[in-house]
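K.L.:
Okay, here's the structure, questions in a sec.
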Amino acid sequence: MAKRGISILKGIEAQTVIELLNKAYCDEWLAYYQYFIESKVAKGLMKDAVIAELTLHAADELRHATMLTGRIIQLGGTPILHPSEWLTHSNCGYDAPTNPDVRAILDQAIKGEQCAITTYSSLLDIVREKDIVTYDLISQILADEVEHEEDLQSLFDDIEEFVSQFKQ
Ligand code: FE
Ligand code: FE
Ligand code: MG
């Protein structure tokens, strides 16, 4: 364990940060799987554009999981070792895409991103000026989640607009 790197934490225990990062780590795996399976089952209008976006987001969530494990290990912690713990430790849970319609899928995915934004924003409040390395890492992830919400919302709005042209 790298002692000097841990000694720069100010007014927060490494264990506290590790636990918070592990919860976010579970969220990222669940988000990854949700995007992965959504991209396989999605049906309906503009399906190709939606699937392309879901596939990109899946890769981003997996990259976030990688970033989080790196920091957990730096802090002397152990990343969650068993997938059975993902749901019990996660902040945002998992929303199975039981309705394959693209709009239902986008709606679920938007809610997931909104939960991620809220979660990471609170995490930043906790580590601000206490753990600068974690703060920087979480800021990068948060910027991706904000972009994800916007990408999904603009796709959703395009589909709604297209549909509304036939309802006049
Ligand atoms: Fe993420
Ligand atoms: Fe995301
Ligand atoms: Mg995107």
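First residue of the sequence shown: 1234, per my numbering; consecutive thereafter. By construction, the Cβ of each residue, glycine as well, lies at the ideal position given by its N, Cα and C atoms.
Measuring only the C-alpha atoms, how far is V1250 from E1383?
P.N.:
28 Å
K.L.:
On the CB-based measure, 16 or more other CB atoms within 10 Å of its CB, does R1361 come out buried or exposed?
P.N.:
exposed
K.L.:
If you reduce the DSSP assignment to three classes, tell me which class D1334 lands in.
P.N.:
strand
K.L.:
Measuring alpha carbon to alpha carbon, tell me which residue in Q1248, Y1268, Q1386 and L1314 is nearest T1288.
P.N.:
Y1268
K.L.:
Nearer than 7 Å: is that true of the beta carbon of E1393 relative to any heavy atom of ligand 1?
P.N.:
Outside the cutoff, so no.
K.L.:
Distance check for E1294 and N1255, CA to CA, integer angstroms please.
P.N.:
14 Å
K.L.:
Going by Cα to Cα distance, which pick from L1320, Y1368 and I1343 is closest to L1301?
P.N.:
Y1368
K.L.:
Confirm, please, whether the CB-CB distance from F1395 to L1278 is below 8 Å.
P.N.:
yes
K.L.:
Under DSSP, the alpha helix (DSSP H) around H1381 begins and ends at which residues?
P.N.:
I1365 to S1397
K.L.:
Answer yes or no: the CB of E1294 versus the heavy atoms of ligand 2, is any distance below 7 Å?
P.N.:
yes
K.L.:
Specify the secondary structure class of K1280 as computed by DSSP and reduced to three states.
P.N.:
helix
K.L.:
Going by other Cβ atoms of all chains shown within 10 Å of its Cβ, with 16 needed for buried, is G1244 buried or exposed?
P.N.:
exposed
K.L.:
Using the rule of at least 16 other Cβ atoms within 10 Å of the residue's Cβ for burial, across every protein chain shown, is P1316 buried or exposed?
P.N.:
exposed
K.L.:
Between I1263 and Y1353, is the Cβ-Cβ spacing less than 8 Å?
P.N.:
Going by the sequence as given, residue 1263 is Leu instead of Ile. No, the pair does not count as a contact, with Cβ atoms beyond the cut-off.
K.L.:
Quick one, which of G1345, E1393 and E1246 has its alpha-carbon nearest N1324's?
P.N.:
G1345
K.L.:
Going by Cα to Cα distance, which pick from F1389, D1377, R1237 and H1290 is closest to I1350?
P.N.:
D1377
K.L.:
Hey, how far is the Cα of L1375 from the Cα of S1397?
P.N.:
33 Å
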